[in-house]
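Chains as they are written, first to last, in the numbering used here: chain A, 348 to 615; chain B, -3 to 407; chain C, 439 to 812.
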Amino acid sequence: MSTDVVTEVMPLTASNITVRFGGLVAVKDVSFTVPPASIVSLIGPNGAGKTTFFNVLTGLYRPTTGSVALNGKDITGQTPHKIASLGLGRTFQNIRLFGLMTAAENVMVGMHSHTTSNIVQIVARTRHQRREEVESREFAQEMLDFVGIGRHSEEYARNLSYGDQRRLEVARALALRPKVLLLDEPTAGMNPQESAVFVDFVRRVRDEQGVSILLIEHDMSVVMRASERITVLDQGEKIAEGGPDDIRNNPRVVEAYLGRTGTEGSAR
Amino acid sequence: MATSTPDTLEKGSKGDVTSSHNRRWALGFLIAAIITYLFYAFVVPNLGAAGKTFVSTWIPAVATNEALVWVICAVGLNIVVGYAGLLDLGFVAFWAIGGYTAGWIMSTFIQAVNPGFYLASAAYPDQPGIHLNWWLVLIIAACLCAFAGVLIGAPTLRLKSDYLALVTLAFGEIIPQVFLNADKFTNGARGIAPLDNVSPLPFGPSAISIGDVKIPISQPLGPFDTSAKFLLFAIVAAFAIFVSLRIREGRLGRAWLAIREDELAASMMGVPLMRTKLAAYAVGAFMGGMGGVVYAIHTNSVFPDRFTFSISILLLAMIVLGGMGNVWGVMIGALGLAWFNSTGLPQFGFWFNGQFGTAINFPSYSFLILGAILVLMMLFRREGLFPETRTRQILREAERSDAEELDGGEA
Amino acid sequence: MGHNVPPDLLFFPSEGVFISTKGRHMTITAVEKADNRPTLLRREKIERVLAYGLLVAAAIWLLWNAIGAPVQFANVTLGGIRTGAIYALVALGYTLVYGIIELINFAHGDLFMLGSVFSALILVNFFGAGTGSPKDWALMILTLIIVMAMCAGMNVAAEFIGYRRLRRAPKLAPLITAVGISFIFQWLGIVLNGSAPKSWPKVIPNGGIHFGDVILDYSTIVVIAVTLPLLGLMTYLVQQTRQGKAMRATAQDQDAARLMGINVNRTISFTFGLGGAMAGAAGLLYLETFGTTRYDAGFQLGLMAFTAAVLGGIGNLKGAVVGGFIIGVIQAWNDGLPHGLGQQWSQSVVFTILILLMVFKPEGLYGKPTVEKV
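This is the structure we're talking about:
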């Protein structure tokens, strides 16, 4: 439905997504768009279906009904790697870096789908392959510099500090040259100051890399400060959508979500 | 073989370190290979009786050549297990396929082809069968095995690692059994023997003479030309090592590492899991096929009962011992265990039994020793004797206690 | 690690079904499934058609055999049920261990082999049992208990020495350890049994009860008479007792079980012991059925039993038993029916089934596909 209304091509559009596991409806008829160069958030109490919805976007689950379009291209039911290479980067709630690879190598893995050397070219180390390697390395360095950990490029990812690991995840996702960057609870485990810094960082990523950012976040201060639009899920359904102020004052949201922040905080 | 060193590497400190490291090892390999060749070709024949006995007891040339077969296969398996982190317990299947390919297109076995088909082969003419030059056979068998690897991998690589291990094991059992039972195509338990004689090159002078020593060039090598065969095998081994070193550096090697580290994250970063895993399988199988051909040439025959499960396990033990992922470590592990298995243990048994008048069956201890190597290495030195730089740190870390697990969980 | 289980895993597995939801160790991860997704629908259809085609072909082949030689068919099937019971007992060991720590215990087949060797040594060499007298039967039952205890002890020891320290290690490590332990067991087999197969006198007399030309062997009766109570006991242990509840909880989530005051280490040891005891029983029954022991018996039979466990859905007790019987019967049909491929192909046939299963139905008959969470 929403695609009919919107005239310009949206980086990410999810239309009428329903996910059913057996008898349980985890996500019910949720439509959702990420406008160009925007920061939008998806919030909701635990079990609201956020993660499931996220997994549908990234291709881990196939929706029971509904479709997902990335930059106007239908990606419903595509494999995760295909979706990633089409321009959907993501980070993970509990950091999933390649610990025994250097920071630069981590980023270069993200460039896998943008490089083309085949086995023979790699073994023969052809001109094409060498050029690609040099370019990859330079681009990786550029990305690391951009997120501010350029001096750690030769360090193993597992040896980086927590904050740097978070940044490395963003750099790795940016290496996909994504249209949309999904951040899954990026400030989990950060103190308020670090969170604030991270919000600025997310803004900068949006402004300088030209990507749209979709945020799943528990920290309400981060959500309210960073996002331009917020979508609220509860029990698998979209109950509200709008700017931070609308959401703050929406009685349904207050009832469904803010009223339960106590349990929310203690659950994890 | 010196040319096998990665000659031009990109800038960046790590790359330089790796490349100089590899260059040193490659140089070592070259020197060791030449010294070994000279030793067997020129020193041993001139030794006294005692020296000859010592060599034929403790370091026979046959065992040295066979050790190179193990190196080739272990390096291949290392790509699957060490690089991509997929446990393959049926690697012997590729060894068998490679061996039988050699048996088919490098002997008089296919009698239907009469008069025989010859292609740059050193075999004696006027025999039926297909007789290709062994370098061609090497390539054909390796490609066939790579293809077989893809065929085997395609349905199974979707599986989780431990299921995969079992399925590969099943393949490792089925394929030799098929070779054993498909009597018409493989001669069953009687095997295929002899194979054609091979020559180092298909053309050129028959041999070069330096003083009173002759280095064979295009003359066919008989079953006892072990030192000349050693050189050939060493070249194949060097090729296998070269390929695995180079492939590690590029985008494919990184993708394998990423999959080994975290499959899900890798796929979310645009790495196609199936295709990348299949590539590991195919490259590993390619080398397994080369190993199979070389082994067939080494023994001048192919018999189905040689392809047993313990070969797959011995290969695995070599990798585990040497250091998963580190090509040079794997090479040393392979040389060491191959020597131990073929010569060291039985000869030690002879010596021991002779010395102390016992009648202990030492070769039967190979089960215990192999098993103990696997278990002890996993418990105490998971990174192997010659660990890869990157695994060196993680595997040494202290195990977490239960209390810590409670606090931190697994994350 | 957070425990926000995906909704499809919320249903608590019943009937002794173990499905763990621990982080990265999922039965089939979603990625692996998802990796073939673009053509999933078409692929699914093709797979289904292929699978049903194979089943129909197998049914026709069976009918052809059954009509052609009904007596032979019945006898062969009975023999298959007997082997199947032994497979079922061994398969239980695989399934129990997999259910609780998600490890394919490669050494389990060799533990069974040791069970058969122990049985022969104790029953024949130590007790000097002959054939058929009441005293011999009593000695056999005594041996059964001793061997079950011995194998249970060995399995517990293997877990204690080998796998326990590797519980948090990368997946490859415990697997390789299991392979190593399997080799050590085989070496023990060589030491105790020699490298050649050995024949032993059996307590169970040859022959059986005749129903026309169909013969129900005495050994079949004994095997079933021992297996069924053991299975019953096992089901009771897992479903009704405190220890069984602890096992199920540990299988679900080790950390949570620990927080609930369950002694996880002891529970895992208990599970290994239970599986080992079943393997010991299978060893004795094998000896009494075939009258031979060989050090490499465990490798082949172990693989067959593992196939059975996978067929039933690994981690599922009922599945292991059903799978064991099915595999036993299929193998017997292949080996003994007039249009079968014959014994020299029996391994290939069973392993082909294993591979087909992995392709078409990796979760088995009773298992559930699981999904990795992010």
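C-beta: ideal position from N, C-alpha, C; glycine also.
Member of the options whose CA lies at the smallest distance from the CA of residue i
i, options, result
"alanine 596 of chain C", "C/Ile579, C/Thr665, C/Gly618 and C/Ile519", "C/Gly618"
"lysine 273 of chain B", "B/Phe226, B/Gly145, B/Gly350 and B/Gly86", "B/Gly145"
"asparagine 593 of chain C", "C/Met716, C/Gly750, C/Phe798 and C/Leu794", "C/Met716"
"glycine 125 of chain B", "B/Ala98, B/Pro41, B/Met270 and B/Trp131", "B/Ala98"
"isoleucine 27 of chain B", "B/Val71, B/Ala150, B/Leu372 and B/Ala234", "B/Ala234"
"glutamine 692 of chain C", "C/Gln781, C/Ala526 and C/Ile539", "C/Ile539"
"phenylalanine 710 of chain C", "C/Leu541, C/Gln782 and C/Gly568", "C/Leu541"
"glycine 149 of chain B", "B/Arg186, B/Leu134 and B/Ala166", "B/Ala166"
"glycine 757 of chain C", "C/Ile628, C/Tyr536 and C/Ile662", "C/Tyr536"
"isoleucine 22 of chain B", "B/Val239, B/Gly288, B/Asn42 and B/Ala275", "Residue identity differs from the one stated: residue 22 of chain B is alanine in this sequence, not isoleucine. Cα-wise, what sits closest to alanine 22 of chain B is B/Val239."
"lysine 420 of chain A", "A/Gly495, A/Asn596, A/Gln556 and A/Ala361", "A/Ala361"
"methionine 458 of chain A", "A/Pro358, A/Asn363, A/Ala522 and A/Arg599", "A/Ala522"
"isoleucine 442 of chain A", "A/Asp531, A/Val481, A/Ile364 and A/Phe400", "A/Asp531"
Cβ neighbour criterion (16 or more within 10 Å) applied to residue i
i, result
"glutamine 107 of chain B", "exposed"
"histidine 499 of chain A", "buried"
"histidine 17 of chain B", "exposed"
"histidine 324 of chain A", "In the structure as shown, chain A starts at 348 and stops at 615, and residue 324 of chain A therefore has no counterpart that could be examined."
"methionine 588 of chain C", "buried"
"tryptophan 502 of chain C", "exposed"
"leucine 64 of chain B", "buried"
"alanine 178 of chain B", "exposed"
"glutamine 351 of chain B", "exposed"
"isoleucine 793 of chain C", "buried"
"asparagine 357 of chain B", "exposed"
"alanine 495 of chain C", "exposed"
"valine 702 of chain C", "buried"
"phenylalanine 199 of chain B", "exposed"
"phenylalanine 550 of chain C", "buried"
"serine 574 of chain A", "buried"
"threonine 658 of chain C", "buried"
"asparagine 597 of chain A", "buried"
"proline 612 of chain C", "buried"
"tyrosine 277 of chain B", "buried"
"alanine 492 of chain A", "The identity of residue 492 of chain A in the sequence shown is aspartate, whereas the question assumes alanine. So aspartate 492 of chain A ends up on the exposed side."
"valine 194 of chain B", "buried"
"valine 323 of chain B", "buried"
Other residues of its chain near residue i: CB distance less than 6 Å, five sequence neighbours each side excluded
i, result
"tyrosine 36 of chain B", "Ala57 and Ser223"
"glycine 762 of chain C", "Gly522, Tyr525, Ala526, Ala529 and Ala746"
"threonine 705 of chain C", "Ala684, Met685 and Thr688"
"phenylalanine 822 of chain C", "Beyond the ends of chain C as shown, which are 439 and 812, falls residue 822 of chain C; an answer cannot be given."
"lysine 471 of chain C", "Bear in mind that the predicted position of lysine 471 of chain C carries a pLDDT of just 42, short of 50, making it unreliable; the figure below should be weighed with that in mind. Counting only Cβ-Cβ distances below 6 Å, and skipping sequence neighbours, we find nothing."
Closer than 6 Å: residue i CB and nearest the ligand GDP heavy atom
i, result
"glycine 778 of chain C", "Absence of the ligand GDP is noted for the structure shown, with no ligands found whatsoever."
Continuous alpha helix (DSSP H) stretch holding residue i: start and end
i, result
"valine 109 of chain B", "Run containing valine 109 of chain B: none; DSSP gives neither H nor E here."
"asparagine 750 of chain C", "Note that residue 750 of chain C is glycine in the sequence shown here, rather than asparagine. Its alpha helix (DSSP H) spans residues 735 to 750."
"threonine 53 of chain B", "45 to 54"
Nonlocal neighbours in the same chain, by C-beta distance under 7 Å from residue i, ignoring five residues either side
i, result
"isoleucine 243 of chain B", "Gly249 and Val279"
"isoleucine 469 of chain A", "Gln476"
Cut-off 8 Å between Cβ atoms - residues of its own chain near residue i, not counting five sequence neighbours on either side
i, result
"lysine 799 of chain C", "Ala489"
Run of the beta strand (DSSP E) containing residue i, from where it starts to where it stops
i, result
"aspartate 655 of chain C", "652 to 655"
"arginine 367 of chain A", "359 to 368"
"arginine 409 of chain A", "Note, arginine 409 of chain A: premise wrong, no beta strand (DSSP E); not H, not E."
"phenylalanine 299 of chain B", "Per DSSP, phenylalanine 299 of chain B belongs to no beta strand (DSSP E) and is neither H nor E."
*Could you list the residues in the segment 446 to 470 of chain A with a C-beta less than 7 Å from some C-beta on chain F, going in chain order?*
Checking the listed chains, one finds no chain F in this structure; the protein chains it contains are A, B and C.
*Closer than 7 Å, Cβ to Cβ, to anything on chain A: give me those residues from the segment 236 to 247 of chain B, in chain order.*
Val239, Arg242, Ile243, Gly246 and Arg247
*Under 9 Å (Cβ pairs) to chain C, residues found in the segment 180 to 198 of chain B*: none
*Mind listing which residues of the segment 256 to 267 of chain B have their C-beta closer than 9 Å to chain A's C-betas, in chain order?*
Arg256, Glu257, Asp258, Leu260, Ala261, Ala262, Ser263, Met264, Met265, Gly266 and Val267
_Under 9 Å, CB to CB, which of the residues in the segment 356 to 383 of chain B have a partner in chain C?_
Asn357, Ser360, Tyr361, Ser362, Phe363, Leu364, Ile365, Leu366, Gly367, Ala368, Ile369, Leu370, Val371, Leu372, Met373, Met374, Leu375 and Arg378
_Cβ-based contacts, 8 Å cut-off: residues of the segment 777 to 807 of chain C near chain B_ = Gln782, Trp783, Gln785, Ser786, Phe789, Thr790, Leu792, Ile793, Met796, Val797 and Pro800
*Positions along the segment 320 to 348 of chain B whose CB lies within less than 9 Å of some CB in chain C*: Met320
*Return the residues of the segment 398 to 415 of chain A that lie within a Cβ-Cβ distance of less than 7 Å from chain B, sorted by chain order.*
Thr405
*Taking a Cβ distance cut-off of 9 Å, strictly less, list which residues of the segment 633 to 645 of chain C are near chain B, in chain order.*
Ser633
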